[in-house]
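**Student:** In order, the protein sequences belong to chains A and B.
Just so it is clear: in the first sequence, position 72 is 72 by my numbering, and no numbers are missing.
Numbering-wise, my numbering comes out as the position in the second sequence, counting from 1, plus 332.
Backbone N, C-alpha and C define an ideal beta-carbon position, used for all residues, glycine too.
Number of protein chains: 2
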Amino acid sequence: MSASTQRKQRVLTGYRPTGPMHIGHWFGNVENMLRLQEEHECFYFIADWHMLTTHFDRTAELPGFTRELVLDLLAAGIDPDRVTLYRQSDIKEVAEMTLLLGMITPLGWLERVPTYKERLRDAAERDIANYGLLGYPLLQTVDITIVKGELVPVGEDQVPHLELSREIVRRFNRLYGPVLVEPQPLLSETPLIPGTDGRKMSKSLDNVINVRDDEETVRRAVRTFITDPQKVRRGDPGRPEICPVFTLHRRFSPDILAWTEENCRSGALGCVECKTNLADRIVTYFRDFRERREELEHRPGLVEEILAAGAAKVRPVVEETMKAVRDAMHLS
Amino acid sequence: MSASTQRKQRVLTGYRPTGPMHIGHWFGNVENMLRLQEEHECFYFIADWHMLTTHFDRTAELPGFTRELVLDLLAAGIDPDRVTLYRQSDIKEVAEMTLLLGMITPLGWLERVPTYKERLRDAAERDIANYGLLGYPLLQTVDITIVKGELVPVGEDQVPHLELSREIVRRFNRLYGPVLVEPQPLLSETPLIPGTDGRKMSKSLDNVINVRDDEETVRRAVRTFITDPQKVRRGDPGRPEICPVFTLHRRFSPDILAWTEENCRSGALGCVECKTNLADRIVTYFRDFRERREELEHRPGLVEEILAAGAAKVRPVVEETMKAVRDAMHLS
């Protein structure tokens, strides 16, 4: 079979609406989603129910975050005519199937998922050891299988989740018949994008540059980045390989990358100038995005339309799966 | 306010379709349901999703069990014009609300429910330590609160479940606003009905008399009942207070109860005759029920009609609750 006539494989990925999109999200998720929509049949969803597993006490922010995420994705180039873009909570069957698959999912399988204990630890000060958090990978399994997702883009740390999904699928099919599709991991590069303090960029660390930040905010944030501590002033030789500013240059500055590395090492390039160069390029990189975003922002009813259309598009797929699941389990 | 104009309180109770109804169910559940429908606004539901918590590997029997349970309840006198009789799985919002309440239900609250560990122990040979089983009291909480149930008939052993429901309701209302109604227990006598071996009548102990058993089956089962081991033959004095046959006489034989006690103690009444007397009365007691049951059995489409009407009746109540829950949580 030639590549052009081969059936496209179905990819499923979700995005939690937990706040403004930052540069780490952009390179960790959005770039991947843009590439995948060229090659596959993609189902992208706003994972608002997942958001509750850790943010159940912050739901007042949810409508705004959802709206902004949809606009961000559209402005970034996610094409709702090409992909199926929908909101998880619009598809109530996801909850029904979660209840059903939960009946055959051993607690031990969920308890051994590494990210579960990590999340508990990361949120030690908050009270999130809830039933829903433990069920997170089960809900993911439903997200995938209810649309018959074949490929799931995952980073290394998400592989155990997907292995769990595959086990649940196998158990279901063994108990009730071959209904569900076993998803495969699509291992994707998740580049480590450093924040201003050199640690992984993360809203909770308050070290982010958001993709919608205006020029002045970007410039201010870039100026606060840590650099090689041995390079105190211009003239001191720097080590680009340990400098978070240089890590970002790799993403944003192909035009001056070799030059930056050379002149940092020699000491000729000072950090102030180097940061200005980076800020210029970040601002330029996101200029088109921000313009489109601004334009979309002012189209009334757009988000509601997009979500309604997405729900209508995914619904027949979901209903087909649910009917097969109910029939196999002898349920109404 | 006079009793006649006082608003009736709303009662909610569910019944798991796990097999033929026996005499223990009849006096433990059905009698109670018959009495409550006279006094309250009752919501009775077929708890088929609950059945999955322990019987997920036996779902092929579910349609038959559901059908038989509906017919049994109708024949027993549950009046679908007076109560709201529906099937849990017809109300998909129950799954949605279970997912939502699960996000705020601490695992510790569920793990400490005594019946959870009991069930695990009772089914030690089977593999039921699943996510859904742990969530059993959460699902019950949704059953109750989604119809704004005010009173829940419970035996002593179910009081911790209801206390958990009340805690979940309080937590929800504290987090999102006063939406859910805190249910109150309606402590109900759950008489211990002994089976043929003297232990509590239970299908899993194979010691039951089913309410639909024909006359010959009833007589055969009654003959196998154990009695006071010190009373070997007629003439030996018996101890009615330790005899399971006499315990059943208390339910079925008001006409000869004093006579039976007296003549058992004196030894004048032999166990064979005593059992014949009991079997006569059990057969008579259920004769009308069995005739109505037989008649209903032959009305095509009856069960489907009843369940469709029940779903239509409960749906507006459920939709009102779900809308309030979603709004309070800022969800779509």
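How would you list, in chain order, the residues of chain B whose beta-carbon sits under 7 angstroms from the beta-carbon of S332/A?
**Tutor:** Here residue 332/A is taken as the residue at index 332 of the first sequence, counted from 1. By Cβ distance, chain B contributes R419, S421, D422.
**Student:** What whole-angstrom Cβ distance do P526/B and K532/B have, given they're in contact under 8 angstroms?
**Tutor:** Locating residue 526/B in the second sequence gives position 194, counting from the first residue. Locating residue 532/B in the second sequence gives position 200, counting from the first residue. Sure, about 7 angstroms apart at Cβ, within 8 angstroms.
**Student:** Is it buried or exposed, L442/B, if we count other Cβ atoms within 10 angstroms and call 16 or more buried?
**Tutor:** On the second sequence, residue 442/B is found 110 positions in, with the first residue counted as 1. Buried, by the Cβ-count rule.
**Student:** Please identify the residue among F65/A, T227/A, N277/A whose C-alpha is closest to the C-alpha of D255/A.
**Tutor:** Here residue 255/A is taken as the residue at index 255 of the first sequence, counted from 1. With distances taken between Cα atoms, D255/A lies closest to N277/A.
**Student:** Could you tell me whether the Cβ of A427/B comes closer than 9 angstroms to any Cβ of chain A?
**Tutor:** Locating residue 427/B in the second sequence gives position 95, where the first residue counts as 1. Cβ-Cβ to chain A under 9 angstroms: yes for A427/B.
**Student:** Beta-carbon within less than 6 angstroms of Y86/A's beta-carbon, same chain only, minus the 5 sequence neighbours each way: which residues are those?
**Tutor:** Along the first sequence, read from residue 1 onward, the residue named residue 86/A stands at position 86. Counting only Cβ-Cβ distances below 6 angstroms, and skipping sequence neighbours, we find F45, G310, A311, V314.
**Student:** So, does the CB of F377/B fall closer than 9 angstroms to a CB anywhere in chain A?
**Tutor:** By one-based count along the second sequence, residue 377/B stands at place 45. With 9 angstroms as the cut-off, F377/B does not count as an interface residue toward chain A.
**Student:** Return the first residue and the last residue of the alpha helix (DSSP H) that V501/B is part of.
**Tutor:** For the purposes of this step, residue 501/B is taken as the residue at position 169 of the second sequence. First-last of the alpha helix (DSSP H) with V501/B: 491-508.
**Student:** Rank D81/A, F65/A, G238/A by C-alpha distance to the C-alpha of A308/A and give the top, closest one.
**Tutor:** For the purposes of this step, residue 308/A is identified with residue 308 of the first sequence, where counting begins at 1. The residue with the shortest Cα to Cα distance from A308/A is D81/A.
**Student:** Kindly list the residues whose CB is nearer than 6 angstroms to the CB of L100/A, restricted to its own chain and excluding five residues on each side of it in sequence; keep chain order.
**Tutor:** For the purposes of this step, residue 100/A is taken as the residue at position 100 of the first sequence. There are no such residues.
**Student:** Can you name the start and end residues of the alpha helix (DSSP H) that G108/A belongs to?
**Tutor:** What you label residue 108/A is simply residue 108 of the first sequence in a count that begins at 1. That run of the alpha helix (DSSP H) goes 107-111.
**Student:** Please name the residue in G235/A, L120/A, E167/A whose C-alpha comes closest to that of Q140/A.
**Tutor:** In the first sequence, counting from the first residue as 1, residue 140/A sits at position 140. That would be E167/A, whose Cα lies nearest to the Cα of Q140/A.
**Student:** Output yes or no for whether 9 angstroms exceeds the beta carbon distance between M661/B and L151/A.
**Tutor:** Residue mapping note: residue 661/B aligns to position 329 of the second sequence, counting from 1. Residue mapping note: residue 151/A aligns to position 151 of the first sequence, counting from 1. No. Outside cutoff.
**Student:** Which residue comes first and which comes last in the alpha helix (DSSP H) that contains V94/A?
**Tutor:** In the first sequence, residue 94/A corresponds to position 94, counting from 1. 93-102 is the span of the alpha helix (DSSP H), which, as asked, contains V94/A.
**Student:** Count the other CB atoms within 10 Å of the CB of A95/A; is the residue buried (16 or more) or exposed (fewer)?
**Tutor:** As a working mapping, residue 95/A is identified with position 95 in the first sequence. With 16 or more Cβ atoms within 10 Å of its Cβ, A95/A is classed as buried.
**Student:** Along the segment 518-543 of chain B, what residues have a CB closer than 8 angstroms to any CB found in chain A?
**Tutor:** none
**Student:** Taking 9 angstroms as the threshold (beta carbon to beta carbon), is D459/B in contact with chain A?
**Tutor:** As a first step, residue 459/B is located in the second sequence; it is residue number 127 there, counting from the start. Yes, its Cβ sits closer than 9 angstroms to a Cβ of chain A.
**Student:** Return helix, strand or coil for P316/A, following the three-state DSSP convention.
**Tutor:** Numbered from 1 along the first sequence, position 316 holds the residue referred to as residue 316/A. Correct three-state label for P316/A: helix.
**Student:** Does DSSP classify I144/A as helix, strand or coil?
**Tutor:** Walking along the first sequence from the start, residue 144/A turns up at place 144. Correct three-state label for I144/A: helix.
**Student:** In three-state DSSP terms, what is A225/A?
**Tutor:** Mapped onto the first sequence, residue 225/A falls at position 225. According to the sequence shown, residue 225/A is Phe rather than Ala. Coil at F225/A, not helix or strand.
**Student:** Using a 10 Å radius around the Cβ and a threshold of 16 neighbouring Cβ atoms, would you call I242/A buried or exposed?
**Tutor:** Position 242 of the first sequence, counted from the first residue, corresponds to residue 242/A. Answer is exposed; the Cβ neighbour count stays below 16.
**Student:** So which of L120/A, V169/A, E261/A has the shortest CA-CA distance to D228/A?
**Tutor:** As a position in the first sequence, residue 228/A is number 228, starting the count at 1. Ranked by how close their Cα comes to the Cα of D228/A, the residues L120/A, V169/A, E261/A have E261/A in first place.
**Student:** Which whole-angstrom value is the C-beta distance of V615/B and H354/B, which I expect to be below 8 angstroms?
**Tutor:** In the second sequence, the residue the question calls residue 615/B occupies position 283. In the second sequence, the residue the question calls residue 354/B occupies position 22. Not quite, the Cβ-Cβ distance comes to about 15 angstroms (not below 8 angstroms), so this is no contact.
**Student:** Quick check on this structure: which residue in I638/B, Y468/B, I478/B has the alpha carbon closest to the alpha carbon of P492/B?
**Tutor:** Indexing the second sequence from 1 puts residue 492/B at position 160. Ranking the options by Cα distance to P492/B, first place goes to Y468/B.
**Student:** Residues in its own chain within less than 8 angstroms of R67/A by CB, not counting five upstream and five downstream?
**Tutor:** Here residue 67/A refers to the residue found at position 67 of the first sequence. If we look at R67/A and ignore the five residues flanking it on each side, its Cβ neighbours are V303.
**Student:** Do we get a CB-CB distance below 9 angstroms when we pair M435/B with the residues of chain A?
**Tutor:** Working through the second sequence from its first residue, we reach residue 435/B at position 103. Answer yes: the Cβ-Cβ gap between M435/B and chain A drops below 9 angstroms somewhere.
**Student:** According to a CB-to-CB cut-off of less than 7 angstroms, which residues of the segment 50-80 of chain A neighbour chain B?
**Tutor:** L52, T53, F56, D57, T59, A60, L62, P63
**Student:** Got a sec, what are the start and stop residues for the alpha helix (DSSP H) P485/B sits in?
**Tutor:** Here residue 485/B refers to the residue found at position 153 when the second sequence is read from its first residue. From DSSP, P485/B is part of no alpha helix (DSSP H) but of the beta strand (DSSP E) over 483-486.
**Student:** Less than 9 angstroms between the beta carbons of I128/A and L120/A, yes or no?
**Tutor:** Sequence index remark: in the first sequence, residue 128/A carries index 128 (1-based). Sequence index remark: in the first sequence, residue 120/A carries index 120 (1-based). Going by C-beta atoms, I128/A is nearer than 9 angstroms to L120/A.
**Student:** For D422/B, collect the residues of the same chain with a Cβ closer than 7 angstroms to its Cβ; drop the 5 residues on either side in sequence, then sort them by chain order.
**Tutor:** Counting from 1 along the second sequence, the entry for residue 422/B is found at position 90. Excluding sequence neighbours, D422/B sits near L639, A643.
**Student:** So which of I78/A, N32/A, E39/A, P20/A has the shortest CA-CA distance to E61/A?
**Tutor:** In the first sequence, residue 61/A corresponds to position 61, counting from 1. That would be P20/A, whose Cα lies nearest to the Cα of E61/A.
**Student:** Shorter than 9 angstroms from the beta carbon of P20/A to some beta carbon of chain B?
**Tutor:** Taking the first residue of the first sequence as 1, we reach residue 20/A at position 20. Answer no: the Cβ-Cβ gap between P20/A and chain B never drops below 9 angstroms.
**Student:** Reducing DSSP to helix, strand and coil, say where P586/B ends up.
**Tutor:** For the purposes of this step, residue 586/B is taken as residue 254 along the second sequence, with counting starting at 1. In the structure shown, P586/B sits in a helix (DSSP, three-state: H, G or I).
**Student:** Mind listing the chain A neighbours of M365/B? Cutoff is C-beta to C-beta under 7 angstroms, in chain order.
**Tutor:** Sequence index remark: in the second sequence, residue 365/B carries index 33 (1-based). Per Cβ cutoff of 7 angstroms: no residues; M365/B is ~22 angstroms from chain A at best.
**Student:** Nearest chain A C-beta to G567/B closer than 9 angstroms, yes or no?
**Tutor:** On the second sequence, residue 567/B is found 235 positions in, with the first residue counted as 1. No, because no Cβ of chain A sits closer than 9 angstroms to the Cβ of G567/B.
**Student:** Taking CB distances under 9 angstroms as the criterion, tell me whether G177/A reaches chain B.
**Tutor:** For the purposes of this step, residue 177/A is taken as residue 177 along the first sequence, with counting starting at 1. No, its Cβ sits nowhere closer than 9 angstroms to a Cβ of chain B.
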